[in-house]
Amino acid sequence: MVTIHDLKEIMNDYTEPLIRLAYYYVKDPQAAEDIVQEVFIKLYHAQNTYVECGELKAFLYKMTANKCKDYLKSWSYRKVQLQNNIFPSNSKLDVDELIRKDEQTIIGEAILELPLKHREALIYYYFNDMTIRDIASLLSTPESTIKTRLRRGKELLKSKLKNIEWEVLLNG
């Protein structure tokens, strides 16, 4: 049973990584925060039915991923996408700006451009330190498929980042 004290502790431990995970799915910081808030609310309301039969971390990640996928299918998300396509912003970043940005930001932006199946495998593996077995279990996907998605995701990421002049390499 999850008590208020437990919930506060869980929120302290998992809010930041869950927001990061949600952001990599939905590409919107406000939506990511809302999704994580919904996950914690759902956990609190389900405290009588939630029996800790597995690892809490995996449970929270799965709930967050599912909420993100629901959001991506929702009308509100599609409406925002439609508005962005009709009224595109003129603030495109050029190569010089990218070089001056922090390397992690560049990698994060490149990851966001990857297809969802590759993006989620990379996020779970590298940002959340999950094993291939854990990712496969979380996504209900065979381990071989996760390995393929990781390999292909790294290839896509490498091709996106190959023309970047890394400041750390230039000034090192």
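The opening residue of the sequence shown carries number -12 in my numbering; numbering runs sequentially from there.
Cβ coordinates follow ideal geometry from the N, Cα and C atoms, glycine included.
Nothing here was measured: the structure is a model prediction, and the numbers come from that model.
Under the three-state reduction of DSSP, Glu42 is assigned to coil, being neither helix nor strand.
The shortest C-alpha to C-alpha distance from Lys49 to any of Thr118, Gly140, Asn150, Ile122 is the one to Ile122. Per the C-alpha coordinates, the member of Lys54, Tyr113, Ser61, Ser124 positioned closest to Gly140 is Tyr113. Contact between the region 142 to 149 and the region 94 to 114 is present, with at least three C-beta pairs closer than 8 Å. In the three-state DSSP reduction, Asp57 falls in the helix class (H, G or I). Inter-residue distance for Ile28 and Thr2 is about 12 Å (C-alpha atoms, whole angstroms). The DSSP-derived three-state label of Pro102 is coil.
In the same chain as Lys60, and ignoring 5 residues on each side of it, no C-beta atom comes closer than 6 Å to its own. If you draw a straight line from the Cα of Pro16 to the Cα of Ile6, it comes to about 8 Å. By the 16-neighbour rule on beta-carbons within 10 angstroms, His105 is buried. By the criterion of a C-beta distance shorter than 8 Å, Leu99 is surrounded in its chain by Tyr11, Lys14, Arg106, once the five residues flanking it on both sides are discounted.
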